[in-house]
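In UniProt numbering, the protein residues as written are 1 to 136.
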């Protein structure tokens, strides 16, 4: 692994581990596995290493969801935008600038509920990818 990549990975994990917000991806763990199968945390042993970040599972990213969905209401999209804004506001409150916000860095779960005999769709939105984030 490249030393610069190791630093970026560790910085992203440090940012993820410090965050706790409904609209930011939930971080569970980070680890590194070397080619011989040993597992370590941020210790560089050889050139053949694999880095892993364990996060909550989501269904889709916003880019793919918008391509796949045929009938998306303005209210549905406004709700998605509101959730993105809440996540970004939290980051700014924590003095973190995301600097990499794009459709592929927004994950979405579509939840269907039955309310008064009507099927209602709701999106659960999570912001991901803090590699280029800046802490001030």
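A virtual CB, placed ideally from N, CA and C, is assigned to each residue, including glycine.
Where residue i and residue j are concerned, what is the direct C-alpha to C-alpha distance, given to the nearest angstrom?
i: residue 68; j: residue 78; result: 18 Å
i: residue 30; j: residue 61; result: 22 Å
i: residue 64; j: residue 57; result: 16 Å
i: residue 17; j: residue 121; result: 31 Å
i: residue 43; j: residue 55; result: The predicted model places residue 43 with a pLDDT of 41, which falls under 50 and marks its position as unreliable; any figure quoted below should be read in that light. C-alpha separation (whole angstroms): 21 Å.
i: residue 21; j: residue 3; result: 30 Å
i: residue 90; j: residue 127; result: 11 Å
i: residue 66; j: residue 72; result: 8 Å
i: residue 14; j: residue 8; result: 10 Å
i: residue 5; j: residue 26; result: 22 Å
i: residue 70; j: residue 76; result: 13 Å
i: residue 59; j: residue 107; result: 7 Å
i: residue 119; j: residue 32; result: 44 Å
Kindly indicate which residue of the options has the alpha-carbon position closest to the one of residue i.
i: residue 124; options: 101, 118, 97, 84; result: 84
i: residue 81; options: 59, 7, 101, 133; result: 101
i: residue 131; options: 109, 108, 110, 96; result: 96
i: residue 109; options: 24, 14, 8; result: 24
i: residue 19; options: 87, 8, 73; result: 87
i: residue 93; options: 107, 106, 135; result: 135
i: residue 11; options: 75, 59, 76, 98; result: 98
i: residue 139; options: 118, 129, 119; result: With the chain covering only 1 through 136, there is no way to say anything about residue 139.
i: residue 133; options: 118, 26, 105; result: 105
Can you find at least 3 beta carbon pairs, one from the stretch 113-121 and one from the stretch 50-57, that sit closer than 8 Å?
No contact exists between the stretch 113-121 and the stretch 50-57.
Which full runs of the beta strand (DSSP E) of 3+ residues lie inside the UniProt domain "Protein kinase" (1-136), going along the chain?
Taking 3 residues as the shortest admissible run, the UniProt domain "Protein kinase" (1-136) contains the following complete beta strand (DSSP E) segments, listed from N- to C-terminal end: 27-34, 49-55, 106-115, 118-127.
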